[in-house]
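Participant:
Protein chains in written order, with our numbering: chain A, 1 to 127; chain B, 1001 to 1129.
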């Protein structure tokens, strides 16, 4: 038996039951980001030079594009979840909804553009 | 929105460094979100060929950006360690007051040392040191 009253049910009030999923994915992405971010930072610092040729051959080589794509996707996802919590805590009303929509769109756009760029370089498509 | 009662807010709590460690995790997280934009810009410039990248390289090697990268190194170090602290909390460990105060200190001190190590590495390889 549900303790929710019929009007509340019709209006869709109460928890959306998505909190646990948000919490879990934030933890999952945290764990994945420990090795991914350490790999990325160490790779950047160990890079012999930051000129075009060196970087292009680094991105195209071996596991780099695969790790880079995962790094970008997981970072963007984790960041989207984190920004969402901050917005929900400090922004209220209609501005909150608008901010959440903009944050989601911006994260998706940055991730898509960055992943596409990595693939272009990895496949040797230079324009 | 109707005026609803608010739960106790920031201003009613006495300031403690554990509070600082919590807010710093948020601030460094947001800084890393900004870093994601720089990463995107850098990769897209790279994918547009040598000429486009040369322009980005000039901009990103400006002293202002070097300062940004130094800040990013701290944000990375702090958020990484504070994140590990959170993951340990999630297993139910380290939640006692004294333990959380000690881990707040540990995260602060180790993240500063880690940042120093990262910056030292960056400076030696750039020929500054």
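Where is the CB? At the ideal position from N, CA and C, for every residue including glycine. Since the model is a prediction, treat every value here as computed from it, not as a measurement.
Does the beta-carbon distance from residue 32/A to residue 124/A come in below 8 Å?
Facilitator: On the first chain, residue 32/A is found 32 positions in, with the first residue counted as 1. On the first chain, residue 124/A is found 124 positions in, with the first residue counted as 1. Not a contact, by the Cβ cut-off of 8 Å.
Participant: Could you give the C-beta distance for residue 69/A and residue 118/A, rounded to a whole number, given that I count them as a contact under 8 Å?
Facilitator: Taking the first residue of the first chain as position 1, residue 69/A is located at position 69. Taking the first residue of the first chain as position 1, residue 118/A is located at position 118. That pair is a contact at about 6 Å.
Participant: Whose CA, out of 1021/B, 1109/B, 1032/B, lies closest to the CA of residue 82/A?
Facilitator: Start at 1 with the first residue of the first chain, and residue 82/A comes out as number 82. With distances taken between CA atoms, residue 82/A lies nearest to 1032/B out of 1021/B, 1109/B, 1032/B.
Participant: Please state whether DSSP places residue 1055/B in a helix, a strand or coil.
Facilitator: Reading the second chain from its first residue, position 55 is the one you call residue 1055/B. Helix, per DSSP.
Participant: Given 8 Å as the limit, is there contact between the segment 37-52 of chain A and the segment 99-107 of chain A, that is, 3 or more CB pairs closer than that?
Facilitator: no
Participant: For a contact defined as C-beta to C-beta under 8 Å, what are the partners of residue 34/A on chain B?
Facilitator: Here residue 34/A refers to the residue found at position 34 when the first chain is read from its first residue. Within chain B, the residues near residue 34/A are 1080, 1083, 1084.
Participant: Out of 49/A, 126/A, 72/A, 103/A, which has the shortest C-alpha to C-alpha gap to residue 85/A?
Facilitator: Here the question's residue 85/A lines up with position 85 in the first chain. Ranking 49/A, 126/A, 72/A, 103/A by Cα distance to residue 85/A puts 103/A first.
Participant: Within the continuous alpha helix (DSSP H) that includes residue 1048/B, where are the two ends?
Facilitator: As a first step, residue 1048/B is located in the second chain; it is residue number 48 there, counting from the start. That residue, residue 1048/B, is in no alpha helix (DSSP H); it is neither H nor E in DSSP.
Participant: Any beta carbon from chain A within less than 8 Å of residue 1121/B's own beta carbon?
Facilitator: Sequence index remark: in the second chain, residue 1121/B carries index 121 (1-based). At least one CB of chain A lies nearer than 8 Å to the CB of residue 1121/B.
Participant: Excluding sequence positions up to five away, which residues of its chain have a Cβ less than 6 Å from the Cβ of residue 1075/B?
Facilitator: The residue given as residue 1075/B occupies position 75 in the second chain. So the qualifying residues of the chain are 1028, 1031, 1032.
Participant: Using only the alpha-carbon positions, how far apart do residue 1126/B and residue 1087/B sit?
Facilitator: Here the question's residue 1126/B lines up with position 126 in the second chain. Here the question's residue 1087/B lines up with position 87 in the second chain. Rounded to whole angstroms, residue 1126/B to residue 1087/B spans 35 Å at the Cα level.
Participant: Hey, would you say residue 29/A sits closer than 8 Å to residue 77/A, going by beta carbons?
Facilitator: For this step, residue 29/A is matched to residue 29 along the first chain. For this step, residue 77/A is matched to residue 77 along the first chain. Cβ atoms of residue 29/A and residue 77/A: closer than 8 Å.
Participant: Would you identify the three-state DSSP class for residue 35/A, choosing helix, strand or coil?
Facilitator: As a first step, residue 35/A must be located in the first chain, where it is residue number 35. Residue 35/A falls in the helix class under three-state DSSP.
Participant: List the whole-angstrom C-beta distance separating residue 1107/B from residue 1067/B, where the pair is believed to meet the contact cut-off of C-beta under 8 Å.
Facilitator: On the second chain, position 107 is the one that residue 1107/B refers to. On the second chain, position 67 is the one that residue 1067/B refers to. Not really, about 23 Å apart at Cβ, beyond 8 Å.
Participant: Which class does residue 4/A belong to by DSSP, given the choice of helix, strand or coil?
Facilitator: Taking the first chain and counting its residues from 1, one reaches residue 4/A at position 4. Residue 4/A falls in the coil class under three-state DSSP.
Participant: Would residue 64/A pass as an interface residue toward chain B - the criterion being a Cβ-Cβ separation below 8 Å?
Facilitator: Against the first chain, residue 64/A aligns to sequence position 64. For residue 64/A, the answer is no, since every Cβ of chain B falls outside 8 Å of its Cβ.
Participant: Output, in chain order, the set of chain A residues within a Cβ distance shorter than 9 Å of residue 1011/B.
Facilitator: The residue you call residue 1011/B lines up with position 11 of the second chain. The contacting residues do not exist; residue 1011/B stays about 14 Å from chain A at best.
Participant: Can you list, in chain order, the residues of its chain with a C-beta nearer than 8 Å to that of residue 1131/B? Leave out the 5 residues immediately preceding and following it.
Facilitator: Since the first residue shown for chain B is 1001 and the last is 1129, residue 1131/B is missing from the structure and cannot be characterised.
Participant: With distance defined between alpha-carbon atoms, name the residue in 1014/B, 1006/B, 1117/B nearest to residue 1073/B.
Facilitator: By 1-based counting over the second chain, the position of residue 1073/B is 73. Ranking 1014/B, 1006/B, 1117/B by Cα distance to residue 1073/B puts 1117/B first.
Participant: Less than 8 Å between the CB atoms is what I'm expecting for residue 87/A and residue 1036/B, so what's the real figure, rounded?
Facilitator: Looking up residue 87/A in the first chain gives position 87. Looking up residue 1036/B in the second chain gives position 36. Contact doesn't hold; Cβ gap of about 16 Å is too wide.
Participant: For residue 79/A, which residues in the same chain have their Cβ closer than 7 Å to its Cβ, ignoring the five residues on either side in sequence?
Facilitator: What you label residue 79/A is simply residue 79 of the first chain in a count that begins at 1. Here the set comprises 107.
Participant: For the segment 1038-1050 of chain B, which residues have a CB atom closer than 7 Å to at least one CB atom of chain A, in sequence order?
Facilitator: 1039, 1040, 1043, 1044, 1046, 1047, 1048, 1049, 1050
Participant: Since residue 1089/B is in the alpha helix (DSSP H), which residue starts that stretch and which ends it?
Facilitator: Here residue 1089/B refers to the residue found at position 89 of the second chain. Residues 1063-1090.
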